[in-house]
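Working notes, structure below.
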Amino acid sequence: MNKVYTKKDLNIISWKKIDELIDKIHLDVLNYIETNNLKIKYICSVMRGGGVPAIKLSHMFNVIDMLLMQLKSNIETKKIDIKIGLEYVKDTNIKNDECILLVDGNHCTGRTANFAVNLLREKFGENVKIIYVALTTDYTHRYSVKNLCYTTWGILTNSSKELSKEECEKLGINYDFAPVHPWENVEEELFELNKYSA
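In this note's numbering, the protein residues as written are 74 to 271.
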């Protein structure tokens, strides 16, 4: 990604639109779990971005048991720092017809989501079924998260700028759309968007 973003490039998503994206994700996941005779045992939020949608989805699916993890991409070490892992989880028993719904806010490359999936597998076993969702997902990397039984998103973006304007037009994706969720800090999001473009 070579583009340097400024405030005028950012699109702050309205709360109404957030509700629409969460409704879409809910219906997609509901269809998948009903078709595959699964039930959600845990909803796991990747904090901070996944916090709001995870809470809303927990009410929509009537799932009380939630897991929390906080991960941060470290630009200096080029690794992912675990701020909050899963050490606190005591009950790791998941039946064959149960799954974990992993929720994030924005999915760009999938690096953090893959890390989160690996943490869940280390905790709950290699055979655990994981559904991964994000409010906004980069089209080029939409299937970059491995070892899932299902994935879906609210809206597709071109955050990585790996698609041309023409490709975006054909796919119905807004080439210039740089999403900021209504609970996010604009300056922080600018830093995150631009930190890998230098």
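For each residue, glycine too, the CB sits at the ideal point set by N, CA and C. Note that the coordinates shown come from a computational prediction; the quantities given were computed from them, not determined experimentally.
{"Asked": "When Trp256, Glu257, Ala251 and Pro255 are compared against Thr79, the one with the closest alpha-carbon", "Found": "Ala251"}
{"Asked": "Sequence-distant residues of the same chain with beta carbon closer than 7 Å to Ala207, five excluded per side", "Found": "Asp177, Gly178, Asn179, His180 and Trp226"}
{"Asked": "Three-pair Cβ contact test at 8 Å for the segment 160-171 versus the segment 121-136", "Found": "no"}
{"Asked": "As assigned by DSSP and simplified to three states, the class of Tyr216", "Found": "coil"}
{"Asked": "Beta carbon of Gly158 nearer than 8 Å to that of Leu193", "Found": "no"}
{"Asked": "Close Cβ partners of Val201 (< 8 Å) along its chain, the five nearest in sequence each way excluded", "Found": "Ile167, Cys172, Ile173, Leu193 and Arg194"}
{"Asked": "Those runs of the beta strand (DSSP E) which lie wholly inside the segment 123-167 and span at least 3 residues", "Found": "139-147 and 152-157"}
{"Asked": "Secondary structure of Asp211, DSSP reduced to three states", "Found": "strand"}
{"Asked": "Nearest to Asp138 (by Cα), restricted to the options Lys145, Ser118, Thr150 and Ser87", "Found": "Ser118"}
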